[in-house]
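Following: one structure in structure tokens, then a few remarks.
2 protein chains.
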Amino acid sequence: MISILGKWHQDDRKSYRKGCPQFFIQDDRLFEKWDDRHVAFLKHEFLRLKNAVVLWTMHPWERDARLMKEALVKGPQAYGVIIEVASTRSSEQLLGARRAYHSLFDHSIEEDVAYHINDSRRKLLVGLVSSYRYEGPKVNEEIAKSEAKTLFAAIKNADKKNPIEDEEVVRILTTRSKPHLKVIFKHYKEINGKNIDEDLDDELSLDETMQCLCTPQTYFSKVLGAAFQNGADEHAKEALTRVIVTRADDDMKEIKEEYQKKYGVSLSKKIEDAVNGNYKDFLLTLIARGE
Amino acid sequence: MISILGKWHQDDRKSYRKGCPQFFIQDDRLFEKWDDRHVAFLKHEFLRLKNAVVLWTMHPWERDARLMKEALVKGPQAYGVIIEVASTRSSEQLLGARRAYHSLFDHSIEEDVAYHINDSRRKLLVGLVSSYRYEGPKVNEEIAKSEAKTLFAAIKNADKKNPIEDEEVVRILTTRSKPHLKVIFKHYKEINGKNIDEDLDDELSLDETMQCLCTPQTYFSKVLGAAFQNGADEHAKEALTRVIVTRADDDMKEIKEEYQKKYGVSLSKKIEDAVNGNYKDFLLTLIARGE
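Residue numbers (our numbering), protein chains in the order written: chain E, 1 to 291; chain S, 292 to 582.
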């Protein structure tokens, strides 16, 4: 980092300072003087770059373990990260994160999730982080069909009981293989005429879980879209770094295609426009990997 | 096996036939003629030896996966085997069994347990087979103390709700590390004046889970004791083979000490008296390993 910063030309620094400021926290107390304001900008930009580089240099298992721990510490509004990590990783990747969690935090991830989460999402989240899903192609169509009906009944009955607390809904989402779930959702659409996620707009955690499990690239491109839209929101800013760093060596190609399809602009163009400096260069380098 | 059987002397066979018959199934339909009866004995004896040898030659992960699958197929009276395997193995051993289960049965173990078990034990069993417990020594005494109170309240409140379905009881037993659980049970005794398992005599599955987690050698020596006592019972006979084969390379030494202490006779003496033939020799060889 020092060598990168050291190479900056005076003009670079000026253009950097004039760059798009709406992506950063604008705390007026920090901006009383012109100079202080630029120092604050720089500090924030450096912090984002530093965070991205630190996250990138970690082993993926350690990274996932730390992301989940951080979400637990931050509390309810960050639990989506736990759903994301537990549901979009392969069985072996999630297991690696659980191993790393042991050695980093002297607890198991399911132990901490079960102990710290006290809202309606507890059962779902404990199941998601504990799962070691079968990843073969074998799917029993009959069972999938009957489970589509089970989900439909639970979701349509939501007035009486929140489907996220329904034992059968949790069982299906936390134990079935991803190919099996896809077949369930196909049957669900046949029963209902629309996709299951359209039925779950009010149930954000369930909706997110289903997207992460079955259409992770759609999910990730939505997270990126939201991160650019809510550029000033701390959580959205972290999401940008998190998604790009964690997916760079995985399914970034598909995410870029999905992003282009959804927003009509390429992800790299959007990054060019929305962020600055070395942080921008770093993100662009990451999303170009493997091309 | 053929070479072993081929070496038998006439007298061996005679003494074998006169051996302790109460250990075998006595189905009178099989015993209409004297000769048929001996053939049936032999068939059963061979079957036991064969089962023991087959179980012994498997990789421990495959063995555990198959034992759990068999228990699921047999139904509710066999679910104790799932508790035993999930709770007495180390985190890595259980994980190995989960891996083997994937490739053998095209499902995850937690998927099958959650789908097939419909009684009050479902939540407990799903949690036990999904757990990847922390195995380090760190224990938070304060939390353990407070969780001892939680368990006490749930067990004392059993008139209103079966503790095996209590979410907190299940959470504690399925996610806490074994050292942490031992500290909980120590505090439980301080609160209550007696051990937690004495409070759970009517809750066999909970009692078994706690024993398997914290005093596995006591649990195994009890299973052996019951196997000798109910020699004619098919389940008890399988338990004898299962415990000796699965523990031979693990904690057999401690189990033998525990058995001697509990029943006042050595395990090898008991095997000498209660079983016969090559099956007996095989069990004696297994329990002598590592001496």
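Glycine included, each C-beta is placed from N, C-alpha and C at the ideal position.
Residue i, buried or exposed, once every other Cβ within 10 Å from all chains shown has been counted against 16
i, result
"Ala523/S", "exposed"
"Pro163/E", "buried"
"Val73/E", "exposed"
"Arg289/E", "exposed"
"Val54/E", "exposed"
"His478/S", "buried"
"Leu292/E", "With chain E running from 1 to 291 in the structure shown, residue 292/E is simply not present."
"Val556/S", "exposed"
"Ser108/E", "buried"
"Gly80/E", "buried"
"Gln229/E", "exposed"
"Pro327/E", "Chain E is shown only over 1 to 291; residue 327/E falls outside these bounds and no answer can be derived."
"Thr285/E", "exposed"
"His407/S", "exposed"
"Asp202/E", "exposed"
"Ser468/S", "buried"
Length of the line joining the Cα atoms of residue i and residue j
i, j, result
"Ala356/S", "Leu128/E", "21 Å"
"Val39/E", "Ala114/E", "42 Å"
"Asp397/S", "Glu433/S", "43 Å"
"Ile83/E", "Glu208/E", "7 Å"
"Leu358/S", "Gly516/S", "20 Å"
"Gln77/E", "Arg63/E", "20 Å"
"Ala530/S", "Lys360/S", "15 Å"
"Ile155/E", "Met252/E", "32 Å"
"Lys160/E", "Gly75/E", "27 Å"
"Arg413/S", "Ser378/S", "15 Å"
"Leu124/E", "Glu167/E", "9 Å"
"Ala148/E", "Ile184/E", "5 Å"
"His44/E", "Lys222/E", "25 Å"
"Tyr219/E", "Glu190/E", "22 Å"
"Lys571/S", "Glu563/S", "7 Å"
"Leu181/E", "Asn276/E", "40 Å"
"Pro60/E", "Leu95/E", "11 Å"
"Phe46/E", "Glu198/E", "40 Å"
"Ala527/S", "Arg538/S", "16 Å"
"Val126/E", "Ala71/E", "14 Å"
"Phe282/E", "Asn409/S", "52 Å"
"Tyr263/E", "Arg242/E", "20 Å"
"His102/E", "Tyr425/S", "6 Å"
Endpoints, the alpha helix (DSSP H) within which residue i is located
i, result
"Ile446/S", "Glu432 to Lys447"
"Pro351/S", "Pro351 to Lys365"
"Asn278/E", "Gly277 to Ala288"
"Asp541/S", "First-last for Asp541/S: undefined, no H or E at that position."
"Thr465/S", "Glu458 to Thr466"
"Ala78/E", "Run containing Ala78/E: none; DSSP gives neither H nor E here."
"Leu415/S", "Arg413 to Ser421"
"Leu353/E", "The question about residue 353/E has no answer here: the residues shown for chain E are numbered 1 through 291."
"Asn192/E", "Lys178 to Asn192"
"Glu92/E", "Ser91 to Phe105"
"Asp498/S", "Leu495 to Cys505"
"Tyr406/S", "Ile400 to His407"
Neighbour flag for residue i against chain E, beta carbons, 8 Å
i, result
"Asp397/S", "yes"
"Asp318/S", "Confidence in Asp318/S is poor, its pLDDT being 46 and thus under 50, which makes the residue's placement unreliable; the coordinate value appears in the next sentence. Judged by the 8 Å Cβ criterion, Asp318/S is not in contact with chain E."
"Ala405/S", "yes"
"Arg580/S", "no"
"His526/S", "no"
"Arg462/S", "yes"
"His478/S", "no"
"Arg389/S", "yes"
Closer than 7 Å: residue i CB and nearest the ligand COA heavy atom
i, result
"Val404/S", "Looking for the ligand COA in the displayed structure turns up nothing, as the structure carries no ligands at all."
Test: residue i CB closer than 8 Å to a CB of chain S
i, result
"Thr175/E", "yes"
"Glu110/E", "yes"
"Arg242/E", "no"
"Arg358/E", "Residue 358/E lies beyond the stretch modelled for chain E, which goes from 1 to 291, so this question has no answer here."
"His59/E", "no"
"Arg121/E", "no"
"Thr285/E", "no"
Next item on the list: Mind checking the stretch 419 to 451 of chain S against chain E and listing, in chain order, the residues whose C-beta falls within less than 7 Å of any C-beta there?
Entry: Ser421, Ser422, Tyr423, Arg424, Tyr425, Gly427 and Lys429
Notebook entry, point to check: Quick one, which residues of the stretch 43 to 54 of chain E are near chain S if we go by CB-CB under 9 Å, in chain order?
Noted result: none
Next item on the list: Mind checking the stretch 357 to 378 of chain S against chain E and listing, in chain order, the residues whose C-beta falls within less than 9 Å of any C-beta there?
Entry: none
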